[in-house]
Amino acid sequence: FEDKKTIAGYECFKAQCILGTDYGDGEIIYSYPITAWYCPKIKNQFGPKGIGGLPGIILELNQNLTTFKALKVDLNSPKENISIPNEKIIKEMDLVKYIQNSIAN
Numbered sequence: 004f005e006d007k008k009t010i011a012g013y014e015c016f017k018a019q020c021i022l023g024t025d026y027g028d029g030e031i032i033y034s035y036p037i038t039a040w041y042c043p044k045i046k047n048q049f050g051p052k053g054i055g056g057l058p059g060i061i062l063e064l065n066q067n068l069t070t071f072k073a074l075k076v077d078l079n080s081p082k083e084n085i086s087i088p089n090e091k092i093i094k095e096m097d098l099v100k101y102i103q104n105s106i107a108n
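If you read the sequence shown in this note's numbering, its first letter stands for residue 4, the second for the next number, and so on.
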């Protein structure tokens with residue numbers, strides 16, 4: 004029995020895993036479940052937040068208290084170039100530390 008549901012008009016299947024966060028030393032300090040709903044009809048192994056590798060595109064991702072969900076899928080739209088802004092890239096744990104320090108102060 005596979006869990007499935009329709010998202011943006013496409014039949015999607017459920018995949019789950021546990022994602023762990025560490026300080027770079029391999030010791031997991033925090034872990035949480037992720038649920039991905041993927042559509043094998045769209046042969047793209049892409050998903051939000053860098054999650055991917057499933058046998059179809061991820062149309063919904065539930066991570067912690069956040070849900071990313073496709074509202075519309077248009078396979079006939081023209082391709083557009085996507086530019087990456089010139090922002091500083093930081094590690095996830097550095098962001099967590101920054102937020103924790105901001106809350107504490």
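Each residue gets a CB set at the ideal place from its N, CA and C atoms; glycine is no exception.
Just the Cα atoms here: how many angstroms apart are residue i and residue j?
i	j	result
residue 14	residue 66	21 Å
residue 44	residue 12	11 Å
residue 39	residue 68	14 Å
residue 4	residue 16	Any reading at residue 4 needs caution, since the residue's pLDDT is 44, under 50, leaving its predicted position unreliable; the model's value is listed next. Distance between the alpha carbons of residue 4 and residue 16 is about 11 Å.
residue 35	residue 24	9 Å
residue 31	residue 85	34 Å
residue 103	residue 97	10 Å
residue 18	residue 101	32 Å
residue 80	residue 105	42 Å
residue 52	residue 76	18 Å
residue 20	residue 37	5 Å
residue 33	residue 9	31 Å
residue 99	residue 50	22 Å
Identify whether residue i lies in helix, strand or coil by the three-state DSSP scheme.
i	result
residue 17	strand
residue 55	coil
residue 93	coil
residue 100	helix
residue 86	coil
residue 106	helix
List the residues that DSSP assigns as beta-bridge partners of residue i.
i	result
residue 63	40 and 72
residue 80	Residue 80 is not bridged to any residue.
residue 22	35
residue 10	13
My understanding is that residue i touches residue j, with C-beta atoms under 8 Å, so please give their C-beta distance in whole angstroms.
i	j	result
residue 62	residue 48	Not quite, the Cβ-Cβ distance comes to about 13 Å (not below 8 Å), so this is no contact.
residue 64	residue 71	5 Å
residue 46	residue 55	At roughly 12 Å, the Cβ-Cβ gap does not stay under 8 Å, so residue 46 and residue 55 are not in contact.
Do residue i and the ligand NAP come close, with the Cβ less than 6 Å from some heavy atom?
i	result
residue 77	Looking for the ligand NAP in the displayed structure turns up nothing, as the structure carries no ligands at all.
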